[in-house]
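These notes are about the structure you will find just below.
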Amino acid sequence: MILVYHNTINVCKVVSTNNIIIPFNSLKNIIEVMQKLAFEYPDQKIVWCHETLEHHLNVDEISSSNLTNNSLVSFNPSNDNYLTHSVGYFETSPFVNILKTVTYTTWQMSSCVGYAHASVFLELKDEIKNCKDFDYYLTSLAKIYIHLGLFCYSEPKLLLKKDELKTTIVPTASTFTIFKFIKQHCKSRWVLLVLINFIVYEKRYPIFPFLFSLFYKKNSISAYVPSKLNLINSNIDLNSNTIDVLIPTIGRKKYLYDVLLDLKNQTVLPKNVIIIEQNGALNSVTELDYLKNEIWPFTINPIFTNTLGVCNARNLGLNEIKSKWVFLADDDIRFESNFLENCLQNVIQYNAKATTLSCLKTNEKIPNVNPSQWETFGSGCSFVLSEIIYNIRFNIGFEFGFGEDADFGRKIRNSGHDIIFFPKPMILHLKAPIGGFRTQFKFDWDTDVFAPKPSPTMMLYKILHDTKQETRSYKTVLFFKYYKKQAIKNPVKYYKVFKKQWNNSVFWANKLNLKSNNL
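Residue numbers for the sequence shown follow numbering that gives the first Met the number 0, beginning at 0 and rising by one.
This is the structure we're talking about:
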């Protein structure tokens, strides 16, 4: 392990874990020194630390870390990050609003303290050209490659005794740099949208940063193939790695039967299959006669409820989980006989605790991508360690709407756990003709004069999880997108109506939030 101490601009000293001084070229910038060290020590972790944080550096944590070698880890002890709050104006994702008390997935890197295996710097050494700003370099690498298989984290364990930290000068990007970053990493239209957001919401007019950014080109993206992955290869212990399967269902008797047949043919059988059958008809009873009439190689735990709603159904199922792992499934999917075995192999090799899998319709191709960190969560196509969701439930406020998947995934992240997307094994989603919402549900706002825009469940997610800037940016984008799809073409009149619709959405979202908190 090589330790690089710097003052944000230059490297101050380089030492090994044995405290042996390593020579370096003081005329080179931090990035050049790091790349040279990676070349000289290709099998080592390269650690960087601001000189004022040297005595707080948790060397033992870095040394004992079992993250795969395609990881980029840092921590910024400041309340603000390098790109400041402005990052929410050009990206809406779980990677923006970082929870700094737990390990958290994000591409927002910091020069304060961090580490990566030397192979990361070697494989990506030519990707960010003509850059001397170490924070910009790290953040750019993470932003580009987080979707291609580079695992990026904010890790508070990198620093010891954080409550005793003295004031450290934490670099933040100038407005010019922020616009440059947007132009180099996002679609060109975002430069204009962010300018609008600054003007409308902050009464700032960064015209020159906007104009200067137009001279930059978007960074090219090359394939990323991690060459020195330290995957854990071991046989699957079937006694300890037991699996439960959770399936909510309503009116899909035939499709559910096919799912059970696929589970019956697995090379690694589940221990329990929890089926939550919903039927809103008064005095109705189960129609799933084959659950008892046929012999299954696993225990079936049938739950019947007259209460409709997939959030409620899944929560009933979560209360019944007994195994180490749970496969959150849907009732109209198909998968190969080695599906569960491959799921176990994935989580063991990558030391993962939550995974979401490819869930494709007929004739859709499996994406040719590396396992990577996922922005959302699939409540019908995920394989999760049971203990990390022991206290997590689906928010009833999202019932009959959209957003419960993303909300559940956000809760997993906020508890300090990553969600990794695996392209394989693949799930075939049949998209049964009777559809996911099989009953016509009437919302309280259906008769409102000004229909809420966006849907109150979408607004609920934003209230619960997004930063103020993310919500503002979403509002701006929705304003322009919706204009083309509605009848009012007078911009002033449209703005007044849109504002009322937005406020109505906020009103109902707060109602949903209050209702779910009281349950």
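The C-beta atom is built at its ideal place from N, Cα and C for all residues, glycine as well. This structure is a prediction, so every number in the text was calculated from the model and none was measured.
Which residues in the same chain have their Cβ closer than 6 Å to the Cβ of residue i, if we skip the five residues on either side of it in sequence?
{"i": "S70", "result": "F150"}
{"i": "S371", "result": "H146, G148 and F420"}
{"i": "A172", "result": "Y81 and L82"}
{"i": "K179", "result": "S212 and Y215"}
{"i": "W507", "result": "W444, P451 and P455"}
{"i": "K128", "result": "none"}
{"i": "T88", "result": "Sequence inspection shows Tyr at residue 88; the Thr mentioned does not correspond to that position. Result list for Y88: V193, N196, Q468 and S472, in chain order."}
{"i": "D134", "result": "Y81, S110 and P170"}
{"i": "V86", "result": "V95"}
{"i": "W189", "result": "F89 and I181"}
Can you list, in chain order, the residues of its chain whose CB lies under 7 Å from that of residue i, leaving out five sequence neighbours each side?
{"i": "R392", "result": "N314 and L317"}
{"i": "Y40", "result": "I1 and A117"}
{"i": "P422", "result": "S357, I365, P366 and V368"}
{"i": "A37", "result": "I45, A117, F120 and L121"}
{"i": "K160", "result": "H55"}
Taking the DSSP output, what are the residues bridged to residue i?
{"i": "N271", "result": "D243 and T298"}
{"i": "C151", "result": "L71"}
{"i": "Q372", "result": "I419"}
{"i": "Y103", "result": "S153"}
{"i": "S572", "result": "With the chain covering 0 to 518 only, the question about residue 572 has no answer from this structure."}
{"i": "K12", "result": "Y4"}
{"i": "F326", "result": "V244 and F382"}
{"i": "T354", "result": "F382 and I419"}
{"i": "G113", "result": "W47 and S73"}
{"i": "Q277", "result": "T304"}
{"i": "R333", "result": "L427"}
Short check: CB of residue i to CB of residue j, under 8 Å?
{"i": "L343", "j": "V267", "result": "yes"}
{"i": "K360", "j": "K430", "result": "yes"}
{"i": "I273", "j": "N232", "result": "no"}
{"i": "L230", "j": "Q348", "result": "yes"}
{"i": "H54", "j": "H5", "result": "no"}
{"i": "M457", "j": "F497", "result": "no"}
{"i": "T241", "j": "S110", "result": "no"}
{"i": "V46", "j": "Y114", "result": "yes"}
{"i": "V258", "j": "D330", "result": "yes"}
{"i": "V112", "j": "L158", "result": "yes"}
{"i": "F74", "j": "S153", "result": "yes"}
{"i": "N369", "j": "Y223", "result": "yes"}
{"i": "P424", "j": "F338", "result": "yes"}
{"i": "S63", "j": "T16", "result": "no"}
{"i": "L287", "j": "K253", "result": "no"}
{"i": "N311", "j": "E398", "result": "yes"}
{"i": "K182", "j": "K131", "result": "no"}
{"i": "I302", "j": "I320", "result": "no"}
Starting from the Cα of residue i, find the closest Cα among the options and give me that residue.
{"i": "I365", "options": "I388, N394 and I426", "result": "I426"}
{"i": "Y144", "options": "T176, T171, A117 and H184", "result": "H184"}
{"i": "P432", "options": "A37, I332, F397 and V46", "result": "I332"}
{"i": "T174", "options": "K474, E163 and F197", "result": "F197"}
{"i": "D443", "options": "E374, F338 and K514", "result": "K514"}
{"i": "S25", "options": "F478, C11, K35 and A37", "result": "C11"}
{"i": "L459", "options": "N394, N489, V101 and I61", "result": "N394"}
{"i": "S472", "options": "V199, D236 and K483", "result": "V199"}
{"i": "V72", "options": "N78, A141, H84 and D59", "result": "A141"}
{"i": "T375", "options": "T91, W324, Y254 and W501", "result": "T91"}
{"i": "S221", "options": "K483, E122 and I462", "result": "E122"}
{"i": "V14", "options": "V58, I30 and I8", "result": "V58"}
{"i": "I21", "options": "N350, T7, V3 and Y493", "result": "V3"}
{"i": "N341", "options": "A37, S381, Y481 and F478", "result": "S381"}
{"i": "N278", "options": "I249, P225, K270 and K291", "result": "I249"}
{"i": "N350", "options": "S139, P170 and I235", "result": "I235"}
{"i": "E126", "options": "S219, K492, I19 and I302", "result": "S219"}
{"i": "Y564", "options": "F397, A312 and S414", "result": "A question about residue 564 goes unanswered here, because the residues of the chain that appear run from 0 up to 518."}
{"i": "D162", "options": "R188, L52 and Q500", "result": "L52"}
{"i": "Y289", "options": "F478, Y256 and N282", "result": "Y256"}
{"i": "Y494", "options": "K483, N502, F478 and S504", "result": "F478"}
{"i": "T176", "options": "Y136, K186 and T475", "result": "Y136"}
Tell me which residues share the same chain as residue i and place their Cβ nearer than 8 Å to its Cβ, disregarding the 5 neighbours each side in the sequence.
{"i": "K352", "result": "V346, V383, L384, I387, H416 and D417"}
{"i": "G377", "result": "L327, T355, L356, C358 and D404"}
{"i": "A280", "result": "N305"}
{"i": "R412", "result": "P93, L98, Y103, T104 and I418"}
{"i": "I294", "result": "none"}
{"i": "N512", "result": "G396, L459, I462 and L463"}
Under 8 Å, Cβ to Cβ, is there at least one residue of chain B near residue i?
{"i": "I246", "result": "The structure shown has no chain B; it contains just one protein chain."}
So does the region 190-206 actually touch the region 262-271, counting three or more Cβ pairs closer than 8 Å?
Under the 8 Å Cβ criterion, the region 190-206 does not count as touching the region 262-271, having fewer than three qualifying pairs.
Does the region 346-358 come into contact with the region 293-312, if we say contact requires no fewer than three beta-carbon pairs (one atom in each stretch) closer than 8 Å?
no
When you compare the region 207-217 with the region 186-198, are there three or more beta-carbon pairs, one atom per stretch, that lie closer than 8 Å?
yes
Could you tell me whether the region 94-106 touches the region 465-473, where touching means 3 or more Cβ pairs closer than 8 Å?
yes
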